[in-house]
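Q: Starting off with a structure, shown below.
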Amino acid sequence: MRVNENILISSLTTMRLGGPARYVLEVTSPQEVADAYGFAEQFRLRTFPLGYGANTLGHDEGFNGAIIINRMQGIADDFTADGARLKVMGGEYWDNVVAHACEKGLTGIEALSKIPGLAGSAPVQNIGAYGQQLSDTLESVDVYDTASRTFRTLTKENLHFDYRQSIFNTTERGRYFIISITLKLTPGEMPRPFYNSLERYIDDHSVTDFSPQSIRQIVSAIRDTKLPDPLKVASAGSFFHNIYISDEEAEKAIEKGYPMHRGKDGNKISAAWLIEQAGFKGKLLHGIRVSDKAPLVLINESAKSYNDLEKAREEIVGHVYDKFGWWLEQEPVELQ
Ligand SMILES: Cc1cc2nc3c(=O)[nH]c(=O)nc-3n(C[C@H](O)[C@H](O)[C@H](O)COP(=O)(O)OP(=O)(O)OC[C@H]3O[C@@H](n4cnc5c(N)ncnc54)[C@H](O)[C@@H]3O)c2cc1C
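All letters in the sequence shown, in the order written, are residues -3 to 332 by this note's numbering.
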């Protein structure tokens, strides 16, 4: 286990905010995971598992505890009669997993191309994009259980997946350290109809190849036009959740002329639309820019502190509530 001291959280997170973490422990084997939690217990330190930091916000005062980062990498394929099982170590960069699956002609995660982060973080908020979500193909997760101090395998049924949700960010937050994930993928193509923006791109560019490789290229091209590259621009991606409402509320919203997406996952009001309608698209608030291409994305252009982000967030959430009566909920996790 590699032990680092006094590391700025701003250097570990894509929003690039946050003071020093007392310890950052990098683990390269399951035994080192147990050792890292043992170390934290010995010195009575709080712990926080961190991946690439693309969905995590650091605070100005830092973290007086131990951040634990999974550095175990590797993808093992097991081909079966009806597809393949991919066992992926949690420290593997997620987009490498998608690239690997697409190269093998396997469908199931191609629409999740270019989502920044590590594979071990992907189940936490059940990553999703362009009509696919991790829970569609995830079979199980190998974890270290800090409550029983044992290594366990949790199957999908135990993980209670929902929109941007699992037990890891709700009922069992902080209990498990994810070591690896296992996906079940199949050869072939993603079924149509595709997500709206994918269909539009396919029409506009007269695409006829729907193989995983081709969908990966299309998704990457669409993302490049809208979403910031975390290596160049500081952001945490979508800053707020979309809003899911009941059928009754949906009828009222339609009467008011609000755009509604009625999908298999429920009635969705686009949070980006609410932010745009509240007049924030492209605006700079306390050093935080509301993206003019994707208003759900907040970019840290010149914010000096977490406090600046907090002020910007409060303005946006408050105005959207005053105008529409819905509270926007934050997506990124607070490192505290
Ligand atoms: C430009 C941009 C675009 C994005 N686009 C999308 C998108 O299209 N769809 C989408 O769903 N998300 C998107 N995101 C959000 C982000 O990419 C995902 O949430 C991703 O899974 C975060 O991975 P990470 O390794 O950076 O997680 P981190 O931010 O490091 O951690 C996220 C959470 O996972 C927990 N965690 C991390 N590692 C472990 C572990 N080993 N065991 C247990 N818990 C752990 C952390 O404690 C934290 O709660 C985007 C972000 C950015 C910056």
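Beta carbons: idealized from backbone N, C-alpha and C, even for Gly. What you are looking at is a predicted structure, and each value in this text was computed from that prediction instead of being measured.
For a test of the three-state rule: what should DSSP assign to F75, helix, strand or coil?
A: In this structure, F75 counts as strand in the three-state DSSP scheme.
Q: Between P119 and I174, which are expected to be in contact by the criterion C-beta below 8 Å, what is the C-beta distance as a whole number of angstroms?
A: Indeed they touch by this definition, with Cβ atoms about 7 Å apart.
Q: I'd like to confirm something about Y48: is its beta-carbon nearer than 7 Å to some heavy atom of ligand 1, or not?
A: Indeed, a heavy atom of ligand 1 lies less than 7 Å from the Cβ.
Q: Hey, E106 and C98 are a contact pair by Cβ (cut 8 Å); roughly how many whole angstroms apart?
A: Contact holds; Cβ gap of about 5 Å.
Q: Any heavy atom of ligand 1 closer than 7 Å to the beta-carbon of F59?
A: It does not: the Cβ of F59 is nowhere closer than 7 Å to a heavy atom of ligand 1.
Q: Quick one: what's got a C-beta closer than 8 Å to I71's C-beta in the same chain, skipping five residues either side?
A: Here the set comprises L82, K83, V84, M85, E88, N92, V93 and H96.
Q: I need the straight-line Cα distance from E168 to S162, nearest angstrom please.
A: About 9 Å.
Q: Taking only the alpha-carbon atoms, compute the straight-line gap between E327 and S234 and give it to the nearest angstrom.
A: Straight-line Cα distance between these residues: approximately 7 Å.
Q: Taking V316 as part of the alpha helix (DSSP H), name the residues at either end of that continuous run.
A: Here the alpha helix (DSSP H) through V316 covers Y302 to F320.
Q: G124 bridges to which residues according to DSSP?
A: Bridge partners of G124: Q129.
Q: Exposed or buried, S323, counting other C-beta atoms within 10 Å across all chains shown (16 or more means buried)?
A: The amino acid at residue 323 is misidentified as Ser; the sequence shows Trp. Exposed, since its Cβ has fewer than 16 Cβ neighbours within 10 Å.
Q: I need the DSSP call for A299, collapsed to helix, strand or coil.
A: A299 falls in the coil class under three-state DSSP.
Q: Pull up the DSSP beta-bridge partners for Q27, would you.
A: DSSP output for Q27 lists no bridge partner at all.
Q: Taking 7 Å as the line, does the beta carbon of P291 fall inside it for any heavy atom of ligand 3?
A: For ligand 3, the structure offers nothing, since it holds only ligand 1.
Q: Helix, strand or coil, according to DSSP, for S333 in the structure here?
A: Residue 333 lies beyond the stretch modelled for the chain, which goes from -3 to 332, so this question has no answer here.
Q: Assign A299 to buried or exposed, taking buried as 16 or more other Cβ atoms, counted over all protein chains shown, within 10 Å of its Cβ.
A: It counts as buried.
Q: May I have the straight-line CA-CA distance separating R(-2) from I198, to the nearest angstrom?
A: If I take the Cα positions, the gap works out to 47 Å.
Q: Between which two residues does the beta strand (DSSP E) harbouring Y240 extend?
A: Looking at the DSSP string, the run of the beta strand (DSSP E) that includes Y240 is I239 to I241.
Q: Helix, strand or coil for F236, going by three-state DSSP, please let me know.
A: Correct three-state label for F236: strand.
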